[in-house]
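Start counting the sequence shown at 381; every next residue gets the next number (my numbering).
Read the structure below first, then the notes.
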Amino acid sequence: IFVESPAPFATVSGPLHLRGTANTFEATFMIRLTDASGTVLLEQPVMATSGSGTRGSFDVTLDLAVQRAGPGTLTVYEASARDGSPVNVVDIPVMLER
Numbered sequence: 381i382f383v384e385s386p387a388p389f390a391t392v393s394g395p396l397h398l399r400g401t402a403n404t405f406e407a408t409f410m411i412r413l414t415d416a417s418g419t420v421l422l423e424q425p426v427m428a429t430s431g432s433g434t435r436g437s438f439d440v441t442l443d444l445a446v447q448r449a450g451p452g453t454l455t456v457y458e459a460s461a462r463d464g465s466p467v468n469v470v471d472i473p474v475m476l477e478r
């Protein structure tokens, strides 16, 4: 999973725009945004245009309500087909803005 935007340390607020490419099983992966305390602000599945052996693109805009400005982490990952645990995890540090 390659995230083109937002870039590391970018300032993000609602709505959150996410763009990149991915080669994941059935083109599906997860997005999670947490604040500095680990509180999950957003978590939902996203689909690329193709997957399972081919790299597909994604360009999504997600609803986001930031309650407190400060550092956060955008995590994108694929859920393991075996047990659902996160695999191919990418963590991107961001700055949250109200």
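Glycine residues also receive a C-beta, built at the ideal position from the N, C-alpha and C atoms.
Rounded to whole angstroms, what's the CA-CA distance from residue i to residue j? Just pull it up for me.
i, j, result
"PRO388", "THR434", "25 Å"
"VAL392", "ALA461", "31 Å"
"GLY436", "ALA407", "7 Å"
"ALA428", "ALA459", "14 Å"
"HIS397", "GLY418", "21 Å"
"GLY464", "ALA390", "29 Å"
Around the Cβ of residue i, are there at least 16 other Cβ atoms within 10 angstroms (buried) or fewer (exposed)?
i, result
"THR404", "buried"
"PHE382", "exposed"
"VAL469", "exposed"
Among residues of its own chain, excluding the 5 on either side of residue i, which ones have a beta-carbon nearer than 7 Å to its beta-carbon?
i, result
"PRO395", "THR441, LEU442, ASP443 and LEU444"
If I measure Cβ to Cβ from residue i and keep anything under 8 Å in the same chain, skipping five residues before and after, which residues do I get?
i, result
"PRO451", "ASP415, ALA416, PRO473, VAL474, MET475 and LEU476"
"VAL420", "ARG412, LEU413 and THR414"
"ARG478", "SER393, VAL446, GLN447, ARG448 and ALA449"
Below 9 Å between beta carbons: does that hold for residue i and residue j?
i, j, result
"ALA449", "GLY431", "no"
"MET410", "VAL456", "yes"
Below 6 Å CB to CB, which residues in the same chain sit around residue i once its five sequence neighbours on both sides are set aside?
i, result
"LEU454", "LEU413, ILE472 and VAL474"
"ARG399", "GLU384, SER385 and ASP439"
"SER423", "Inspection of the sequence shows that residue 423 is occupied by Glu rather than by Ser. So the list reads ARG412, once near-sequence residues are dropped."
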